[in-house]
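*Asks:*
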Amino acid sequence: MKIAVLMGGISRERPISLKSGENVVKALKKLGHEVAPIDVNGEFLNIAPTLKQFDLVFNALHGQFGEDGTVQAILDWLGVKYTGSKVVASAICFDKVLTYRMLTGVVRYPDYILVDKPTKESPFGFPCVIKPRREGSSIGVHICDDPDELYRNLQEELSVYGEMILQRYIKGRELTVSILEMNKELKVLPILELRPKRRFYDYVAKYTPNMTEFVLPAPLSEEEFKEVSESAIKAFKTCQCEGFGRVDGILSEGKFYVLEINTIPGLTDLSDLPASARAAGMSFEELIDAIIKTVVS
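For the sequence shown, position 182 (counting from the first letter as 1) is numbered 170 according to my numbering, and the numbering increases by one without interruption.
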């Protein structure tokens, strides 16, 4: 097939997207496809119509524009097939507030409020967590231990984002659940437990070699596995996700709290989804082939 790979983009996750895209391009070539890597920038609308010549677009963009429903809407308008979730699911999952609203009454998630000005007060006590409403790769996420730290971090991040989520800190095990559609059924790949050498799985821990221990599969009791996997599938379906994705959360005292849903998980050498696929016995090329088959059977 002729496949275009969208990569790069205009978000703060551009460096990660470029790495994901490069890996996808190599894998597609090994699989025998005719591949055109496209570094998406401000000129994308001018070249978008040329995508009609391809059998498929593999979307390896992360962050704003590529993961929030925008590029999906453009591709739908062009009538081009593409990997991953469609417009609505992408828009919902990129906005954590919309995600939590969709998941209310379906699965657990940490209590939160929205703030648009610096404050020293947390209705959830300390430590608490602040994070951007719309961002990925743990960019802008902070655990705040006291009022002064909360105020300082909010002051810094609000200058970038305008509003932030202030959330209850849930102490527990960091788990990530990769989901892949195979033969029209959603399959949970081996669940990954993340044990970062930093306080939590932040940007540095995610993309710096040897900064995080991957425990695969995560040591879970039968009850814990059922709680985590069923919660992840419920969240994925409720937000209308398709093809593949990743549900991140915290397991605390036997209960799984969903933090976010990633509709275009990273595909770098250090990313979670490829690691879970390897634990399931899949090579990177087999993973990419499986993703393609979610669109083109």
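Heads up, the beta-carbon is just placed ideally off N, CA and C, and yes, glycines get one too.
Can you tell me which of the three DSSP states Asn141 falls into?
*Replies:* Position 153 of the sequence shown, counted from the first residue, corresponds to residue 141. Of the three classes helix, strand and coil, the one that applies to Asn141 here is helix, per DSSP.
*Asks:* Is it true that the CB of Ser126 sits closer than 8 angstroms to the CB of Asp190?
*Replies:* Position 202 of the sequence shown, counting from 1, holds the residue named residue 190. Position 138 of the sequence shown, counting from 1, holds the residue named residue 126. In this structure, Ser126 lies closer than 8 angstroms to Asp190 by Cβ.
*Asks:* CA-CA distance, Pro106 and Gly124?
*Replies:* For the purposes of this step, residue 106 is taken as residue 118 along the sequence shown, with counting starting at 1. For the purposes of this step, residue 124 is taken as residue 136 along the sequence shown, with counting starting at 1. About 22 angstroms.
*Asks:* Provide the residue span of the beta strand (DSSP E) that contains Thr200, from first to last.
*Replies:* The sequence position of residue 200 within the sequence shown is 212, counting from 1. It spans 200 to 203 - the beta strand (DSSP E) in which Thr200 sits, taken as one unbroken run.
*Asks:* For Gln143 and Phe244, what's the separation of their Cα atoms in angstroms?
*Replies:* For the purposes of this step, residue 143 is taken as the residue at position 155 of the sequence shown. For the purposes of this step, residue 244 is taken as the residue at position 256 of the sequence shown. About 31 angstroms.
*Asks:* For Thr200, count neighbouring C-beta atoms within 10 Å of its own C-beta (all shown protein chains included) and say buried if the count is 16 or more, exposed if not.
*Replies:* Within the sequence shown, residue 200 is the residue found at index 212, counting from 1. Buried is the call here.
*Asks:* What are the uninterrupted segments assigned as beta strand (DSSP E) that are 3 or more residues long and contained completely in the segment 90 to 123, given in chain order?
*Replies:* Fully enclosed beta strand (DSSP E) runs of 3 or longer: 100 to 103, 116 to 120.
*Asks:* Three or more beta-carbon pairs under 8 angstroms between the segment 11 to 30 and the segment 248 to 261, yes or no?
*Replies:* Enough Cβ pairs lie closer than 8 angstroms, so yes.
*Asks:* Three or more C-beta pairs closer than 8 angstroms, one from the segment 13 to 29 and one from the segment 225 to 244: is that the case here?
*Replies:* No contact exists between the segment 13 to 29 and the segment 225 to 244.
*Asks:* Less than 7 angstroms between C-beta atoms, sequence neighbours within five positions excluded: which residues of the same chain meet that for Asp206?
*Replies:* Position 218 of the sequence shown, counted from the start, is the residue given in the question as residue 206. The question names Asp, but residue 206 in the sequence shown is Ala. Only Leu163, Ile179, Leu180, Glu181 meet the Cβ criterion.
*Asks:* Would you mind sorting Lys214 into buried or exposed? The rule is 16 or more other CB atoms within 10 Å of its CB.
*Replies:* Within the sequence shown, the letter at position 226 stands for residue 214. Classification of Lys214: exposed, given that the 10 Å Cβ count is below 16.
*Asks:* Roughly how many angstroms lie between the CA atoms of Ala(-8) and Glu241, to the nearest whole one?
*Replies:* If you number the sequence shown from 1, residue -8 lands on position 4. If you number the sequence shown from 1, residue 241 lands on position 253. Taking the straight line joining both Cα atoms gives about 45 angstroms.
*Asks:* Count the other CB atoms within 10 Å of the CB of Ser110; is the residue buried (16 or more) or exposed (fewer)?
*Replies:* The residue given as residue 110 occupies position 122 in the sequence shown. It is buried - the Cβ of Ser110 has at least 16 other Cβ atoms within 10 Å.
*Asks:* If you follow the alpha helix (DSSP H) that Asp27 is in, where does it begin and where does it stop?
*Replies:* As a working note, residue 27 is residue 39 in the sequence shown. From DSSP, Asp27 is part of no alpha helix (DSSP H) but of the beta strand (DSSP E) over 22 to 28.
*Asks:* Kindly indicate the opening and closing residues of the alpha helix (DSSP H) around Phe224.
*Replies:* Locating residue 224 in the sequence shown gives position 236, where the first residue counts as 1. It spans 210 to 226 - the alpha helix (DSSP H) in which Phe224 sits, taken as one unbroken run.
*Asks:* For Pro184, which beta-bridge partners are listed by DSSP?
*Replies:* Counted from its first residue, the sequence shown places residue 184 at position 196. According to DSSP, Pro184 bridges with Thr200.
*Asks:* With 16 other CB atoms within 10 Å as the buried threshold, where does Lys185 fall?
*Replies:* Here the question's residue 185 lines up with position 197 in the sequence shown. Answer is exposed; the Cβ neighbour count stays below 16.
*Asks:* By the three-class DSSP mapping on this structure, what secondary structure does Gly254 have?
*Replies:* As a working mapping, residue 254 is identified with position 266 in the sequence shown. Coil, per DSSP.
*Asks:* Could you check if Thr71 belongs to the surroundings of the ligand ZN, using beta carbon to heavy atom distance under 7 angstroms?
*Replies:* Only the bare structure without any ligand can be found here, which leaves the ligand ZN out of the picture.
*Asks:* Anyone know if the C-beta pair for Pro120 and Cys132 falls short of 8 angstroms?
*Replies:* Here residue 120 refers to the residue found at position 132 when the sequence shown is read from its first residue. Here residue 132 refers to the residue found at position 144 when the sequence shown is read from its first residue. Against a cut-off of 8 angstroms, the Cβ pair of Cys132 and Pro120 comes out as no contact.
*Asks:* If I'm right that Leu49 touches Glu55 with Cβ under 8 angstroms, what's the distance once you round it to whole angstroms?
*Replies:* As a position in the sequence shown, residue 49 is number 61, starting the count at 1. As a position in the sequence shown, residue 55 is number 67, starting the count at 1. Yes, Leu49 and Glu55 are in contact; Cβ-Cβ is about 6 angstroms, under 8 angstroms.
*Asks:* With Lys(-10) as the anchor, note down where its beta strand (DSSP E) starts and where it stops.
*Replies:* Position 2 of the sequence shown, counted from the start, is the residue given in the question as residue -10. Unbroken beta strand (DSSP E) run through Lys(-10): -10 to -4.
*Asks:* Exposed or buried, what is Asn34 when buried is set at 16 or more other beta-carbons lying within 10 Å of its beta-carbon?
*Replies:* Taking the first residue of the sequence shown as 1, we reach residue 34 at position 46. With fewer than 16 other Cβ atoms within 10 Å, it is exposed.
*Asks:* Can Val246 and Val129 be called in contact, C-beta distance under 8 angstroms?
*Replies:* Sequence index remark: in the sequence shown, residue 246 carries index 258 (1-based). Sequence index remark: in the sequence shown, residue 129 carries index 141 (1-based). Going by C-beta atoms, Val246 is not nearer than 8 angstroms to Val129.
*Asks:* Roughly how many angstroms lie between the CA atoms of Val283 and Leu275, to the nearest whole one?
*Replies:* Within the sequence shown, residue 283 is the residue found at index 295, counting from 1. Within the sequence shown, residue 275 is the residue found at index 287, counting from 1. Looking at the two C-alpha atoms, the distance is approximately 13 angstroms.
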